[in-house]
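Numbering (full-length UniProt numbering), first residue to last: 1 to 962.
Here it is, written out as structure tokens:
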């Protein structure tokens with residue numbers, strides 16, 4: 001027999017099955033008066049009294065030998081406890097109220113209230129639910145139909161004996177839910193309390209060399225003993241489950257404790273000396289019956305809502321992954337057994353519900369970043385020293401006009417790319433959306449290469465910003481070890497990234513504000529001083545643009561063009577694209593709405609700060625200013641190299657350079673903090689997708705990938721290079737390496753979007769239906785991609801000029817090209833991956849979870865009474881002749897006298913504006929009265945003002961008209 005068949009037979013066989021003969025559900029004679037109980041001890045005491053009264057001829061009498069220690073006095077059958085019995089009638093009433101509210105909002109008055117309970121126990125839940133409905137909503141009670149699907153003949157008979165007061169409302173179906181074959185088209189509630197954990201499982205073991213699964217069977221040997229047997233021939237349900245899991249959000253590579261993810265070295269070593277030793281992994285118990293149940297609900301109850309409760313975690317007694325707990329009564333005591341075959345039909349076999357899906361807290365980050373966090377991160381999160389200091393190098397090489405043209409040109413390119421990537425990110429806001437889509441829409445090898453390239457970019461930016469912070473401090477003094485500032489920054493980065501993601505969000509929120517103040521302040525400073533608002537009262541205006549183009553490398557027109565190329569390369573480093581903002585998508589609340597709004601603000605950052613910054617430095621400082629030239633030539637990289645500080649010092653403005661230096665330090669620290677976050681989350685995403693060791697995807701209970709954070713910290717140690725070389729040399733190394741890798745990252749993005757765009761077209765998905773639609777596609781992505789790939793190859797062209805060749809410079813400019821080729825080729829050969837066909841690209845996996853989160857988030861926002869959005873509420877009710885709608889302000893502040901006049905249900909839609917409120921009301925009215933979408937509702941409304949304060953009462957329609 002299949003393992004699942006054997007377990008199911010042991011538990012449910014009507015003649016000798018455990019639940020047919022052994023198990024009895026405890027039932028107290030009357031509900032506990034919880035208001036009078038002072039604590040657990042008193043509750044346990046009352047509980048013991050109930051045991052004494054409970055069928056002493058059949059059940060054990062419990063004695064209280066000492067505090068919280070209970071022993072059985074005589075052998076007996078096993079007694080089960082359910083929350084339905086222990087907490088009656090409140091448990092059943094809570095479920096009844098939930099169903100009533102949902103029924104009133106979504107089904108009434110067009111459908112009956114249909115309830116299907118799987119495994120009804122003693123029938124107590126049925127009684128509590130129906131009693132509550134009859135008392136609270138007698139009109140709904142008349143339309144209620146309660147069905148109990150019960151596999152146990154004994155329990156079915158007991159349920160039937162308790163139907164007296166609800167005889168005409170209840171139907172008993174004495175069969176297994178797994179044998180159900182009738183389709184119920186009407187909307188219904190399905191109650192499954194402690195059902196999932198009592199469903200049988202199949203067992204699978206894997207060949208540790210080939211990973212081939214082997215199905216477990218139970219056989220009887222020559223001694224009539226039960227034995228396990230494993231065969232490579234898989235049952236259809238087992239095959240289906242394994243395929244679904246691998247294609248879904250939980251492939252084996254993401255299951256931390258899965259047998260295939262544990263080291264098999266010791267087992268292989270033993271096998272080498274014992275050829276008879278089997279080559280199979282530890283067993284895994286898979287919920288094939290649970291899968292079957294879900295399919296029955298989907299196919300035969302197409303309009304159901306399920307209410308379930310089960311054990312979330314149980315300490316298993318059998319070796320294996322997701323193995324069950326097996327217990328039986330023996331000599332007065334409950335004992336555990338290490339095999340599900342040991343005492344067939346006399347043991348309970350229970351598997352926790354969460355066994356089929358790994359605990360999300362160990363594999364998932366948590367969405368806690370709010371709109372304000374993400375918006376500020378989008379505007380200022382990636383602004384660092386490049387905009388305030390490194391931009392001076394571009395000015396010295398190119399001149400003011402070339403710098404402005406180069407930054408404007410590159411900004412347009414990045415804007416095209418950002419718009420395209422925003423479409424992917426808002427559609428699929430996962431931990432690393434644009435990298436994950438590369439694997440889905442292009443090639444798995446593309447995802448592997450681009451993912452590791454992006455991790456290296458972000459990880460290498462960390463020591464750059466640490467080194468930059470140290471150079472800023474040198475603006476004041478140099479008589480200290482750089483290791484001091486290094487240690488301080490690393491500790492702060494760890495604190496902000498290891499605690500909770502909200503700490504990171506809050507830190508970046510306020511640090512981004514300081515960067516915005518600095519950027520806006522410098523723009524204002526430029527305008528004020530250029531029109532004469534300086535100590536010299538010199539309205540210098542655009543004086544420095546009289547020589548608009550500088551010469552670099554050579555002279556003449558070619559030198560000016562090469563100056564522009566140098567400025568263009570510098571823009572490629574300073575102007576950060578969509579990658580950083582994209583990385584917070586996996587931890588943003590309500591991600592589609594939040595990310596869509598945030599991406600729109602990127603336009604401000606690109607146009608105002610980068611273009612405005614290039615314009616400002618060209619206005620303030622001449623490109624051939626001696627101080628600027630000296631700082632570039634000598635490799636000065638502290639605040640004195642900033643064009644803004646040079647301009648301030650030229651104007652003899654005291655104290656302001658120190659203030660700017662402080663703000664630049666905060667900017668550099670914030671940028672490093674951002675890169676630290678991005679690098680750790682990218683490593684986490686690589687691990688989840690199977691491209692990095694599995695332990696990097698482990699998250700603590702706060703949703704932090706702690707091992708990924710720890711590994712990222714190692715890259716910060718590269719900043720120690722400044723102890724042996726000057727800071728400027730270290731900065732130059734990292735700038736060149738990062739610029740090349742960052743451009744390659746943009747190149748991968750263009751390829752990814754093209755694959756995504758073609759997949760949408762091949763699968764007939766209208767881009768107008770997407771939550772965010774990018775501009776002028778596919779033309780803009782082709783234009784952006786062409787210039788990005790051109791820059792990748794020309795960024796270090798100077799090393800090929802006569803007299804400029806240096807091996808180190810060549811490697812720092814072009815090393816990442818070879819690294820990406822090696823990464824792509826390695827995965828291509830290792831896995832044998834193929835390019836995706838557009839029609840076969842997976843565009844759906846993960847969307848259900850995102851949409852579910854957004855629905856839950858919307859409900860939370862609407863229910864949150866402290867939220868600023870909870871200004872309007874509305875109640876739908878009726879009397880004998882009319883349907884009414886009451887619109888009110890601050891519904892949570894209503895007096896009981898007012899609310900008691902209406903029905904006991906509220907439509908929980910509290911919108912942020914009257915416009916949204918009216919639209920939602922109209923949608924609900926159309927649905928309630930089954931009206932077409934284009935129905936004119938104006939004729940249905942009759943305005944009637946009542947003196948209830950800030951409220952309106954509307955008569956929607958007369959009943960006879962409806």
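Ideal placement from N, C-alpha and C gives every residue a C-beta, glycine not left out.
Exposed unless 16 or more other CB atoms sit within 10 angstroms - verdict on residue i
i	result
residue 560	buried
residue 321	buried
residue 583	buried
residue 510	exposed
residue 99	buried
residue 749	buried
residue 472	buried
residue 484	exposed
residue 34	exposed
residue 67	Unreliable placement is indicated for residue 67, whose pLDDT of 43 sits below 50; the coordinate value is still reported in the next sentence. So residue 67 counts as exposed.
residue 298	exposed
residue 803	exposed
residue 243	exposed
residue 399	buried
residue 693	exposed
residue 633	exposed
residue 691	buried
residue 452	buried
residue 180	buried
Neighbourhood of residue i by C-beta distance below 6 Å, restricted to the same chain and skipping five residues each side
i	result
residue 162	123
residue 306	190
residue 193	309
residue 183	300
residue 50	28
residue 898	Below a pLDDT of 50, predicted positions are generally treated as unreliable, and residue 898, at 36, falls in that range; no measurement from the model is reported.
residue 164	none
Close beta carbons around residue i, own chain, < 8 Å, minus the five adjacent residues each side
i	result
residue 145	112, 113, 114, 115, 169 and 171
residue 186	111, 112, 114 and 303
residue 401	545, 548, 549 and 618
residue 46	32 and 37
For residue j and residue i, believed in contact at Cβ under 8 Å, the rounded distance
i	j	result
residue 696	residue 707	5 Å
residue 833	residue 445	5 Å
residue 177	residue 293	6 Å
residue 741	residue 816	4 Å
residue 286	residue 202	5 Å
residue 327	residue 318	Contact flag wrong, Cβ pair sits at about 11 Å.
residue 627	residue 648	So it is not a contact: roughly 11 Å between Cβ atoms.
residue 423	residue 668	No, residue 423 and residue 668 are not in contact; Cβ-Cβ is about 32 Å, not under 8 Å.
Own chain residues within Cβ distance below 7 Å of residue i, not counting five before or after
i	result
residue 596	426, 771 and 772
residue 743	572, 788, 791, 792 and 795
residue 588	367, 369, 374, 429, 594 and 595
residue 457	738, 741, 742 and 745
residue 494	713
residue 209	279
residue 31	88 and 89
C-beta atoms of residue i and residue j nearer than 8 Å
i	j	result
residue 206	residue 215	no
residue 308	residue 195	yes
residue 454	residue 673	no
residue 794	residue 565	yes
residue 226	residue 218	yes
residue 712	residue 757	no
residue 497	residue 350	no
residue 418	residue 578	yes
residue 535	residue 660	no
residue 258	residue 240	no
Chain C within 8 Å of residue i, Cβ atoms only
i	result
residue 414	Here there is only one protein chain, and chain C is not present.
Beta-ladder partner(s) of residue i, from DSSP
i	result
residue 472	In the DSSP output, where bridge partners are listed per residue, residue 472 has none listed.
residue 202	286
Any non-hydrogen atom of the ligand NAP closer than 7 Å to residue i Cβ
i	result
residue 370	The ligand NAP is absent from the structure shown, which contains no ligands of any kind.
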